[in-house]
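Asker: Sequences listed follow chains A and B, in order.
Residues in the first sequence are numbered consecutively from 1, following this note's numbering.
Residues in the second sequence are numbered consecutively from 1001, following this note's numbering.
Built from N, CA and C at the ideal position, the CB exists for glycine as well.
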Amino acid sequence: MGWDRIGDRFSRLKARGEGALLLYLMAGDPDLERSLAYLRAAVAGGADILELGIPFSDPMADGPTIQKAALRALTTGATPKTALDLARSLREESEIPLVIMSYYNPILQWGEEAFTEEAAACGVDGLIVPDLPPEEARGLMQAAEKTGLALIFLVTPESGKERVKVLTECTRGFLYLVARYGTTGAKGALAEGTLPLIRRMLALVPPTLPLVVGFGLSRPEHVREVISAGAAGAVVGSRAVEQVAAGVAPEEFAAFVHGLKEATRI
Amino acid sequence: MKLSEFPRQGRFGPFGGRFVPEILMPALEELEAAYRDLKGEPGFKAQLAGLLRDYAGRPSPLYFAANLTQYAGGARIYLKREDLIHGGAHKLNNALGQALLAKRMGKTRLIAETGAGQHGTATAIAGAVLGLQTEIYMGALDAKRQQMNVFRMELLGAKVHLVENGGKTLKDAINEALRDWATNVRNTHYLVGSVVGPHPYPMIVRDFQSVIGKEIREQILTREGRLPDLLVACVGGGSNAIGTFYPFADEAEVGFLGVEGGGDGGRHSAPLSHGQVGVLHGMRTYLLQDEWGQIAKTNSIAAGLDYPGVGPEHALYLALGRAEYTTVTDEEALFAFRLLSRLEGIIPALESAHAVYAALERAGNMSPEEMVIATLSGRGDKDLETAISAVGETDGLGSDRG
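1) If you follow the alpha helix (DSSP H) that residue 178/A is in, where does it begin and where does it stop?
2) Would a C-beta distance cut-off of 7 Å place residue 1312/B and residue 1120/B closer than the cut-off?
3) Looking only at C-alpha atoms, which of 12/A, 7/A, 104/A, 88/A sits nearest to residue 120/A?
4) Just the chain A side, please: which residues come within less than 8 Å of residue 1183/B by C-beta, in chain order?
5) How about residue 1178/B: is its C-beta nearer than 7 Å to some C-beta of chain A?
6) Just how far apart, CA to CA, sit residue 1329/B and residue 1264/B?
7) Would residue 1159/B pass as a contact of residue 1135/B if the rule is Cβ separation under 7 Å?
8) Which residues, in order along the segment 1356 to 1389 of chain B, keep a beta-carbon less than 8 Å from a beta-carbon of chain A?
9) Verify the CB distance criterion: does residue 1023/B have a CB-CB separation below 7 Å to chain A?
10) Taking beta-carbon pairs under 8 Å, can you tell me which members of the segment 158 to 180 of chain A lie near chain B?
11) From the DSSP secondary-structure annotation, give me the bridge partner or partners of residue 80/A.
12) Using a C-beta cutoff of 7 Å, does residue 196/A count as contacting chain B?
13) Apart from the five residues just before and just after residue 209/A, which ones in its own chain have a Cβ nearer than 6 Å to its Cβ?
14) Check whether the segment 1348 to 1360 of chain B and the segment 1299 to 1317 of chain B are in contact - that is, three or more C-beta pairs closer than 8 Å.
15) Could one say the Cβ of residue 218/A lies closer than 7 Å to chain B's Cβ atoms, at least one of them?
16) By a C-beta neighbour count over all protein chains shown, 10 Å radius and 16 as the cutoff for buried, is residue 1001/B buried or exposed?
17) Quick check: what's the CA-CA separation for residue 62/A versus residue 182/A?
18) For residue 260/A and residue 226/A, which I take to be in contact (beta-carbon distance under 8 Å), what is that distance rounded to the nearest angstrom?
19) Tell me whether residue 1058/B sits in a helix, a strand or coil according to DSSP, three-state version.
20) Shorter than 7 Å from the beta carbon of residue 1044/B to some beta carbon of chain A?
21) For a cutoff of 7 Å on Cβ pairs, would you count residue 26/A as touching chain C?
22) At what residues does the alpha helix (DSSP H) containing residue 139/A begin and finish?
23) Kindly identify the DSSP beta-bridge partner or partners of residue 1260/B.
24) Can you give me the start and stop residues for the beta strand (DSSP E) that residue 1252/B sits inside?
25) With a threshold of 7 Å between beta-carbons, can residue 1312/B be considered close to chain A, or not?
26) What are the partner residues of residue 1076/B, as DSSP defines its beta bridges?
27) Expressed to the nearest angstrom, what Euclidean distance is found between the alpha-carbon atoms of residue 1085/B and residue 49/A?
28) May I have the straight-line CA-CA distance separating residue 1014/B from residue 114/A, to the nearest angstrom?
29) In whole angstroms, give me the CA-to-CA distance for residue 1003/B and residue 1252/B.
30) Give the DSSP bridge partners of residue 1138/B, in chain order.
31) Between residue 154/A and chain B, is the shortest Cβ-Cβ distance under 7 Å, so that the two count as touching?
32) Would you check if the segment 1282 to 1290 of chain B and the segment 1192 to 1205 of chain B touch, i.e. whether three or more CB-CB distances between them fall below 8 Å?
33) Between the C-alpha atoms of residue 191/A and residue 216/A, what's the straight-line distance to the nearest angstrom?
34) What does residue 1233/B pair with, by DSSP beta-bridge criteria?
35) Would you list the one or two residues that DSSP bridges to residue 53/A?
36) For residue 22/A, tell me which candidate among 200/A, 99/A, 34/A has the shortest Cα-Cα distance.
The following block contains the structure:
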């Protein structure tokens, strides 16, 4: 469990010459029951790692698609507790690595230790907190370490060599490369400079640490491009959330995920 | 250590910090370094002082409000007239300082959030005079109740983006400005309008607003030969209050009273009086939130106070007992709005009217030998529509104090 489960997944994929498909969905969007159905469909479609968002009232790193998803989830009564319960339900039926994505305040209000203990008990393996840089993360790093949760940090196009070193030392499980300036959101094309950016980061990151690329990826060809450039994984978020918003059938959603997964095999 | 020596390593004791997406970390470090280099540089100081004097109209008067004093029947009440600063509020002190800083850093574009529209107006003014492209984020609800300020900003050449997310007020405008900044961080300076946000903003804005308190010190010493007993200011994010208090931080004999928006008595915007510690908009501070850490919707008749968080330096002042914080309701603020207009011929901003009401109440319980200074952070022309619709009809605005 914990970051071992994440590490094992990357090792196995690497041995098969595949990249990882990370799929993001908002917990409780549009409601708990349907949220679980989409998560199951993502597993069935071949996602390698699931990122499960905890809805927050003020998601400052997210674009309109995920903002609206948070609102839908909050409107139907989602809380951090129901998000972890959802993780537990999924864990009972699947060994897929599960990463929680949450802004810091909900974790802080729950309590860093209590939250990480509950998350670990629910079968969560990792944690991404987009508004928590390493300078503010000491307490949560300790709490995560104690429970075996991987606290995952992000690098960006703005990160210089020294900064990448700090983030590389702090992160567990994998390192998340934010591929574009701005917020999350599906785009028609990869941000200009994404592939050179991946190559720059790969030169700075130890080969044992998987580099995962996200922000703005929406199509199989985007996934193929970043995996071909050497990334260990690709994250698709907003495009997946759009499917939920459109109310597609879970089978159709699984087919969408399958199409993305195919693109990780290069 | 002295209170005036905060922040230490970006923190006001346990408050403040830098809780932002990684993409903004280098920009915050760059801003802090540029500010530390420039703030003591004689050329920069002279340029800012010149603009504040010749363009903004500083120093602002410290006015002895004889009629208000008589009405209160206690301590002598002075008003620090930030309402007379160009643009109609204290906001220009900070906007000019940061715009100058942005220009020196080679940024070509300013963005800002605004609640009442005063900070957006100040930023638009600074952008116009210093030749910087300016875009303002404003909650759609705020824009509706401050229509004149939207026109003013546009007239001054700024582009105004209406924010339709969340409660459509200041908090949502800040979220949207942060998103813009993350997208355009290379050429854009985010001109934060209050002592909120990630370090170094609470420090920078405080320093630029401290001109208020520094002038008060000189003016009151000239006039009364001693320091005041109580300083009173309204607190939304808290910039005019910190600007008033900070130069007296280490002098315990000067009391501080911060006044939050009490709303309708039920729903309010008073995190220092009724909130819990949390993290929002890059800082650890007191917030209005639910048990799960979701940020609450706020309520105040004054758009500039309608914010669920507060500057981290105020959180420290509260924790240490250095300042007292209280609330004044919408109704009480409207009473002070009418009273000051009638008694002194000054129409205060509804935000500032909160401070006037609290000052009046306190002064009434103090002796004539004592002195209270209330900062009149802005003028009330922008609020006439709000005040009229709150009272029902124009006659009602003045009828009970004829």
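Answerer: In short, the structure shows the following:
1) Taken as a continuous stretch (DSSP letters only), residue 178/A belongs to no alpha helix (DSSP H), being part of the beta strand (DSSP E) at 175 to 178.
2) Cβ atoms of residue 1312/B and residue 1120/B: not closer than 7 Å.
3) Nearest C-alpha to residue 120/A: 88/A.
4) The answer, in chain order, is 181, 182, 183.
5) It does: the Cβ of residue 1178/B has a partner Cβ on chain A nearer than 7 Å.
6) If I take the Cα positions, the gap works out to 6 Å.
7) The Cβ atoms of residue 1159/B and residue 1135/B sit closer than 7 Å to each other.
8) Contact annotation: in the segment 1356 to 1389 of chain B, no residue has its CB less than 8 Å from a CB in chain A.
9) It does; some Cβ of chain A falls within 7 Å.
10) Here the close residues are 158, 159, 160, 163, 167, 178.
11) Its beta-bridge partners do not exist; DSSP assigns none.
12) For residue 196/A, the closest Cβ of chain B is not nearer than 7 Å.
13) Result list for residue 209/A: 175, in chain order.
14) Because the criterion of three Cβ pairs below 8 Å is met, the segment 1348 to 1360 of chain B and the segment 1299 to 1317 of chain B touch.
15) Chain B places no beta carbon closer than 7 Å to that of residue 218/A, leaving this residue out of the contacts.
16) So residue 1001/B counts as exposed.
17) The straight-line gap separating the alpha-carbon atoms of residue 62/A and residue 182/A is approximately 8 Å.
18) Residue 260/A to residue 226/A, Cβ: 12 Å. No contact.
19) Look at residue 1058/B here: in three-state DSSP terms it is coil, with no helix or strand label.
20) Interface annotation, residue 1044/B: not in contact with chain A, CB-CB separation never under 7 Å.
21) Absent from the structure: chain C. Protein chains present are A and B.
22) Start and end: 138 to 147.
23) Looking at the DSSP assignment, residue 1260/B forms a beta bridge with 1327/B.
24) Element bounds for residue 1252/B: n/a, residue is neither H nor E.
25) With 7 Å as the cut-off, residue 1312/B does not count as an interface residue toward chain A.
26) Residue 1076/B is bridged by DSSP to 1371/B.
27) Near 57 Å, if we compare the C-alpha coordinates of residue 49/A and residue 1085/B.
28) Roughly 21 Å between the two C-alpha positions.
29) If you draw a straight line from the Cα of residue 1003/B to the Cα of residue 1252/B, it is about 10 Å long.
30) Note: residue 1138/B is bridge-paired with 1114/B, 1162/B in the DSSP secondary-structure output.
31) Yes, because at least one Cβ of chain B sits closer than 7 Å to the Cβ of residue 154/A.
32) The count of Cβ pairs closer than 8 Å, one atom from the segment 1192 to 1205 of chain B and one from the segment 1282 to 1290 of chain B, reaches three, so the stretches are in contact.
33) Their Cα atoms are separated by approximately 7 Å.
34) Residue 1233/B is bridged to 1258/B.
35) For residue 53/A, which the question treats as bridged, DSSP gives the partners 26/A, 101/A.
36) Nearest option by C-alpha distance: 99/A.
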